[in-house]
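Asks: Residue numbers (the numbering used here), protein chains in the order written: chain F, 1 to 85; chain Z, 1 to 546. Even glycine gets a Cβ: it sits at the ideal position worked out from N, Cα and C. For clarity, every value in this text was computed on a predicted model and none was experimentally measured.
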Amino acid sequence: MKEFSYIIKDQLGIHARPAGLLVKKASAFKSDITIAKAAKTADLKRIFGIMGLGVKQGDEIIIKITGEDEEEAFTTIEEFIKENL
Amino acid sequence: MQQYTGKSVYGGIALGKALIFHKKEGKVRRKHIEDVETEILRVDEAREKAREELQKLYDKAVIEVGEQNAMIFQVHQMMLEDQDYMDSIIYMIRNEQINAEYAVASTGDNFAELFSSMDDDYMKERAADVRDVSNRLIKILQGKADGSLLMEQPYILVADDLAPSETLQLDKTKVLAFVTRKGSTNSHTAILARMMNIPALIGVEYDENCDGKDAIVDGYEGIFIIEPIEEISDSMKEKQRKIMYKKKLQQELKGKENVTIDGRRIGIYANIGSVSDVASVLQNDAEGIGLFRSEFLYLGKDRFPTEEEQFQTYKTVLESMAGKKVVIRTLDIGADKQADYFGLEKEENPAMGYRAIRICLNQPDIFRTQLRAIYRASIYGTVAIMYPMIISVDEVKKIKGIVQSVKDELTLQGIPFNNVEQGIMIETPAAVMISDLLAKEVDFFSIGTNDLTQYTLAIDRQNPKLDFIYDSHHPAILRMIQMVIENGHKGGCWVGICGELGGDITLIEEFLRMGLDEVSVSPNLILSLREKVRNTDLKADRPKDK
Chain F
1 MKEFSYIIKD
11 QLGIHARPAG
21 LLVKKASAFK
31 SDITIAKAAK
41 TADLKRIFGI
51 MGLGVKQGDE
61 IIIKITGEDE
71 EEAFTTIEEF
81 IKENL
Chain Z
1 MQQYTGKSVY
11 GGIALGKALI
21 FHKKEGKVRR
31 KHIEDVETEI
41 LRVDEAREKA
51 REELQKLYDK
61 AVIEVGEQNA
71 MIFQVHQMML
81 EDQDYMDSII
91 YMIRNEQINA
101 EYAVASTGDN
111 FAELFSSMDD
121 DYMKERAADV
131 RDVSNRLIKI
141 LQGKADGSLL
151 MEQPYILVAD
161 DLAPSETLQL
171 DKTKVLAFVT
181 RKGSTNSHTA
191 ILARMMNIPA
201 LIGVEYDENC
211 DGKDAIVDGY
221 EGIFIIEPIE
231 EISDSMKEKQ
241 RKIMYKKKLQ
251 QELKGKENVT
261 IDGRRIGIYA
271 NIGSVSDVAS
281 VLQNDAEGIG
291 LFRSEFLYLG
301 KDRFPTEEEQ
311 FQTYKTVLES
321 MAGKKVVIRT
331 LDIGADKQAD
341 YFGLEKEENP
351 AMGYRAIRIC
361 LNQPDIFRTQ
371 LRAIYRASIY
381 GTVAIMYPMI
391 ISVDEVKKIK
401 GIVQSVKDEL
411 TLQGIPFNNV
421 EQGIMIETPA
431 AVMISDLLAK
441 EVDFFSIGTN
451 DLTQYTLAID
461 RQNPKLDFIY
471 DSHHPAILRM
481 IQMVIENGHK
491 GGCWVGICGE
501 LGGDITLIEE
511 FLRMGLDEVS
521 VSPNLILSLR
531 EKVRNTDLKA
541 DRPKDK
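Following this line, the structure appears as structure tokens:
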């Protein structure tokens, strides 16, 4: 399993657009990918789950990736989040 | 005549017939079904059809409102394919043996509720997206065509609320204005109005009987008038005509040079105080940003902004400006405008107190963090730095020393940066008097006329009792500007004005004659200044001196 944490910099937090883009990125991988904020966890392949976390600027999120393509998924998703959020 | 008020989300004036848009929402009845599998299959088919519709809407939206705004329809597609959403629908059909329409409607309500209950205005708005997706599925299940409004005559669209897909299906050449009961400044209607450049009001408690009647929307005052009396509609028409003329003129000025009839050029730049201001900088066709007030990075926080936070902000602005020059003014905070964590003591006279560059030179850690962030961002565009509240050559030398050590540090760490123009604000009479000496030390001067006026005339800007003697065109100030320009040019500096006087349309000709190189003004003043410059002929007879 791979994981990383990140503090959201985008003023709007994870709003509809980046949530949609995250789902797109995550869905390309076979691994199970979750996103957690405080005690709440959601599937990174499900848009309602992500938006339901209500992640705002300054919030810390933890991404966990488990599966055969976790290395590749880790790189792609970490890069996307750092650049866009 | 009836008059309603609402909140304006976009300015403008429209006169035309009001038309109430009724949603073609099919009533959904709960039915008991026997064949569960067929019902589930129906949902699958409807989902496929909805996906196609949304793809078409997305393609249309990309062309009409741009990829950023069109993304909402991709989000809708993802909502449609969300496993939790589909699971819920299928579970209801199986478990309760109910019809697909009802299962979709209930699921849609539940998910919309999830968003409505969030403590974030933006997320609350997203409930409308969930309902929109669910309604689309229901319409397909009921075999109803996608509803769209068709009208021959242009009209003012009045609605309870508009879903994003509804706004997109409108024939936009026919819509004069939007008036809605619900909605927010974040709603799609508001975004669309801004894109289409037409007035829009939200929160208007209109009466249903306004349907089909003559109406006026004043997006500046937030007023919606039904069956206006003649005087009102005449005066509105006049107001509209004037605005249209101005808009047209300004549209024509976009992309044009800031050059006088006899060929003298001047740079017209924009002042900004936050990242969100960049949009209007680009809209108004500024040549660049002449004053980027960096204070917002420090205010409203409980700690100093990190180097990384600052770097990201500068990078965003530089990238948005795509190579156009951005002049960042370093921290200009004092006891009158500060954040608690600075720990600044209350002062009798904060305008002349411990502020701006004085803080930076005394607490160099704060200064170095900002400089490192600016230099790191420098590779993403053209950046210049200017330092506020300078009174001596010694200060400038100290600054240059710190800048050099920051650059050395970055080089040592292998972090790339570009050359950054160095300039100072001329806003103290002291800086004016020694501008010949200062010019040898820096690349440019930017005259901050607001502070310069207050320090020179000894008039506190905050004191309304002094308004009667306050003269922003005081000859002392104009002579100082002349002196700074001459000394700057002798020392090889370009000279600009970033205070309010720079946007003063009655002075621009005089500044041109003085040889000013640049003005930096609030974005909405750019095009009217450009118009003035383009109509000025410096070779024509000079107006008589006062």
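1) Can you find a C-beta in chain Z that's less than 8 Å from the C-beta of F:G67?
2) Assign Z:H32 to buried or exposed, taking buried as 16 or more other Cβ atoms, counted over all protein chains shown, within 10 Å of its Cβ.
3) Assign Z:S405 to one of two classes, buried (16 or more other C-beta atoms within 10 Å of its C-beta) or exposed (fewer than that).
4) Quick one, are the C-beta atoms of Z:T173 and Z:V204 less than 8 Å apart?
5) Just checking: is the beta-carbon of Z:D120 within a distance shorter than 8 Å of some beta-carbon in chain F?
6) At a Cβ cut of 8 Å, what residues of the segment 65 to 99 of chain Z count as close to chain F, listed as they run along the chain?
7) Can you find the residues in the same chain that come closer than 6 Å, C-beta to C-beta, to Z:D129, ignoring five residues on each side of it along the sequence?
8) Using a C-beta to C-beta distance shorter than 8 Å, which residues of chain Z count as neighbours of F:A16?
9) Below 8 Å CB to CB, which residues in the same chain sit around Z:A100 once its five sequence neighbours on both sides are set aside?
10) Is the shortest distance between the beta-carbon of Z:L57 and the beta-carbons of chain F less than 8 Å?
11) Excluding sequence positions up to five away, which residues of its chain have a Cβ less than 6 Å from the Cβ of F:D32?
12) Does Z:G147 come within less than 8 Å of chain F when only Cβ atoms are used?
13) Given a cut-off of 8 Å on the beta-carbon distance, is the pair F:I47 and Z:V393 in contact?
14) Got a sec? Which residues, its chain only, sit under 6 Å from Z:K315 by beta carbon, not counting five neighbours each side?
15) Can you say whether Z:K246 is buried or exposed, counting buried as having 16 or more other CB atoms within 10 angstroms of its CB?
16) Between which two residues does the alpha helix (DSSP H) holding Z:F367 run?
17) Only counting runs of 3 or more residues, tell me where the beta strand (DSSP E) segments fall wholly within the segment 286 to 349 of chain Z, in order along the chain.
18) Suppose you measure from the CA of Z:C210 to the CA of Z:M196; what does that come to, to the nearest Å?
19) Output, in chain order, the set of chain F residues within a Cβ distance shorter than 7 Å of Z:Q312.
20) Between Z:L577 and chain F, is any beta-carbon pair separated by less than 8 Å?
21) Indicate the three-state DSSP secondary structure (helix, strand or coil) for F:Y6 in the structure shown.
22) Closer than 9 Å, Cβ to Cβ, to anything on chain Z: give me those residues from the segment 37 to 57 of chain F, in chain order.
23) Could you round the C-beta distance between Z:E421 and Z:P388 to whole angstroms and report it? I think they count as a contact, below 8 Å.
24) Any idea if F:Q11 is buried or exposed, counting beta-carbon neighbours within 10 angstroms, 16 or more meaning buried?
25) Give the C-beta separation of Z:R513 and Z:N258 to the nearest angstrom, bearing in mind that I take them to be a contact with Cβ-Cβ under 8 Å.
26) For Z:D545 and chain F, any beta-carbon pair shorter than 8 Å?
27) Which residues does DSSP pair with Z:M86 in a beta bridge?
28) Throw me the rounded Cβ distance for the Z:F445 and Z:V484 pair, which I believe falls under 8 Å.
29) Out of Z:F367, Z:G334 and Z:I272, point me to the one whose CA is closest to Z:M352's CA.
30) Per DSSP, what kind of secondary structure is Z:Y4 in: helix, strand or coil?
Replies: Here's the rundown:
1) no
2) Counting C-beta atoms within 10 angstroms of its own C-beta, Z:H32 has fewer than 16 neighbours from the protein chains shown and is therefore classed as exposed.
3) Around the C-beta of Z:S405, fewer than 16 other C-beta atoms lie within 10 Å, and the residue is accordingly described as exposed.
4) no
5) It does: the Cβ of Z:D120 has a partner Cβ on chain F nearer than 8 Å.
6) Q68, M71, I72, Q74, V75, M78, M79, D82, Q83, D84 and Y85
7) Excluding positions up to five away in sequence, the list is empty.
8) M71, I72, V75, R126 and D129
9) Excluding positions up to five away in sequence, the list reads E39, I40, R42, V43, A46, I89, I93 and L141.
10) Chain F contact via Cβ: absent.
11) T66 and G67
12) Low local confidence applies: a pLDDT of 47 at Z:G147 is under 50, so the model's placement there is unreliable, with the coordinate-based value given in what follows. By this cut-off, Z:G147 is not an interface position.
13) Taking 8 Å as the Cβ cut-off, F:I47 and Z:V393 do not qualify as a contacting pair.
14) A377 and Y380
15) Taking all protein chains shown into account, Z:K246 has fewer than 16 neighbouring C-beta atoms within 10 Å of its C-beta and is therefore exposed.
16) P364 to A377
17) 289 to 293 and 325 to 329
18) 24 Å
19) K9
20) Nothing can be reported for residue 577 of chain Z: it is not among the residues displayed for chain Z, which extend from 1 to 546.
21) strand
22) D43, K45, R46, I47, F48, G49, M51, G52, G54 and K56
23) Wrong, their Cβ atoms sit about 16 Å apart, outside the cutoff.
24) exposed
25) Rounded, the Cβ-Cβ distance is 15 Å, inconsistent with contact.
26) Residue confidence is low: Z:D545 scores 47 on pLDDT, short of 50, so the model does not pin down where it sits. Its coordinate-derived value is still stated next. False, the Cβ-Cβ gap to chain F never drops below 8 Å.
27) Partner(s): none; Z:M86 has no beta bridge.
28) 6 Å
29) Z:G334
30) strand
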